[in-house]
Amino acid sequence: EKGGFDHYMLKEIYQQPKTIADAMRGRINAKQGIITLGGINEFENRFLNADRIIIAACGTSWIAGLIGEHLFEDLARIPTEVEYASEFRYRNPIIKNNDIVLAISQSGETADTIAALELARDRDALLYGICNVVGSSIARMTDAGSYIHAGPEIGVASTKAFTGQLVLLTLMALQLARKKGTISSSYFFQLLNELENIPAKVESLLQNDAKIKYVAQEIKDANNALYLGRGYNFPVALEGALKLKEISYIHAEGYPAAEMKHGPIALIDENMPVIVVASNDSTREKVISNIQEVKARKGKVIAIIKEGDQAIEKLVDYAIEIPDTEEPLSPLLSVIPLQLLAYHIAILRDCNVDQPRNLAKSVTVE
Ligand code: M6R
253 EKGGFDHYML KEIYQQPKTI ADAMRGRINA KQGIITLGGI NEFENRFLNA DRIIIAACGT
313 SWIAGLIGEH LFEDLARIPT EVEYASEFRY RNPIIKNNDI VLAISQSGET ADTIAALELA
373 RDRDALLYGI CNVVGSSIAR MTDAGSYIHA GPEIGVASTK AFTGQLVLLT LMALQLARKK
433 GTISSSYFFQ LLNELENIPA KVESLLQNDA KIKYVAQEIK DANNALYLGR GYNFPVALEG
493 ALKLKEISYI HAEGYPAAEM KHGPIALIDE NMPVIVVASN DSTREKVISN IQEVKARKGK
553 VIAIIKEGDQ AIEKLVDYAI EIPDTEEPLS PLLSVIPLQL LAYHIAILRD CNVDQPRNLA
613 KSVTVE
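In UniProt numbering, the protein residues as written are 253 to 618.
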């Protein structure tokens, strides 16, 4: 049932060209420029008049929420907040009846996320769910929602569910942006067409796996690692660090690249691998100077770069290429080498990748 792969996690990473396509299937009419998410249509007025979207989630799903915040604000111009469900539920948050509370959960059974929704329901917010498991508690208790249709995710480390969540958040943001007129029609079509190109681009970047395996060999003995990114790719840095911690037991932190000089730079020496997501156009020059700051302190830099970006390639110790894409969609590509890097490092360290110690697939107790 591992389909010829050694582990479920690897199988699930390699399924992503298909699961990303499945998350979009039947929801896009590219010719007419129509996106149809049933849950949004049903509550269209609530969505179009929402003062705010509050995203509540845990772990990797919370990180997907951070990218959702960029998408909703950047494209649909809806103020968005992202909350750890466990903090939100206990801090007497302000929730109004014009707010939408969006729970993101692969399993649909995470106790803290369920409790956050109960609280929001008591305050009359509209509850929306993005889940993978059909018929799960969160899917049932929300007013509306969308499934990601990724199929069962067995590996404890979430991979294909994360990219599925990103597709749904992108579709939601685009559908709302189109209805609200917050992006131009040409940009809307550009993003829509590019979204449909993503599965093939994922397929092509998976072919760089040998290079990623080689890089894993070079950093497998590190005790710490730092992941940096900016903009849409700052949450990807968090996700790369979470994957590494979970399955290889190497301590890792994700940081917005420019925050490095406010603290973590003190940690950098020749033993500190720094993984930089350097594939965004809009912050390219700034990320280059962040890389230079690390190199000046003898840090080892592994960069995720846009295909053919020789200038960054020359600066760093190891470069892993990904195809070019529109920036709001770039996390769908840039996260995948980080999933593979964590996987290969964990294997080299003889760890149980599918069932890491102390972790459960779904956290049904608080
Ligand atoms: O089922 P959920 O998406 O609600 O789970 C949330 C987290 O427990 C989950 O994402 C966890 O962080 C993963 N093990 C990360 O890989």
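Note that the Cβ used here is the ideal one computed from N, Cα and C, for glycine as well.
CA-CA distance, residue i and residue j?
| i | j | result |
| --- | --- | --- |
| Gly256 | Val386 | 26 Å |
| Glu264 | Lys283 | 31 Å |
| Lys558 | Gly320 | 22 Å |
| Val526 | Glu505 | 10 Å |
| Arg549 | Leu420 | 40 Å |
| Ile347 | Ala377 | 7 Å |
| residue 201 | Leu300 | There is simply no residue 201 to check, as the chain begins at 253 and stops at 618 in what is shown. |
| Ala308 | Lys463 | 36 Å |
| Gln268 | Leu490 | 20 Å |
| Leu457 | Val467 | 15 Å |
| Arg343 | Thr332 | 18 Å |
| Ser541 | Leu443 | 29 Å |
| Ser582 | Ile499 | 24 Å |
| Tyr260 | Pro404 | 10 Å |
| Arg392 | Thr288 | 21 Å |
| Tyr595 | Val454 | 17 Å |
| Gly481 | Pro487 | 7 Å |
| His503 | Asp561 | 29 Å |
| Asn604 | Glu470 | 20 Å |
If I follow the unbroken beta strand (DSSP E) through residue i, where does it start and stop?
| i | result |
| --- | --- |
| Arg304 | 304 to 309 |
If you run the structure through DSSP and keep just helix, strand and coil, what is residue i?
| i | result |
| --- | --- |
| Asn460 | helix |
| Ile435 | coil |
| Asn281 | strand |
| Ile330 | coil |
From which residue to which residue does the alpha helix (DSSP H) around residue i run?
| i | result |
| --- | --- |
| residue 198 | This structure does not reach residue 198, given that the chain is present from 253 up to 618, and the question cannot be answered. |
| Leu300 | 296 to 300 |
Complete runs of the beta strand (DSSP E) confined to the segment 332 to 417 [at least 3 residues]: Fully contained in the segment 332 to 417 are the following beta strand (DSSP E) runs of length 3 or more, in chain order: 332 to 336, 351 to 357, 378 to 383, 396 to 399.
Unbroken stretches of the alpha helix (DSSP H), 4 residues or longer, contained in the UniProt domain "SIS" (467 to 608): 486 to 500, 536 to 548, 562 to 567, 583 to 600
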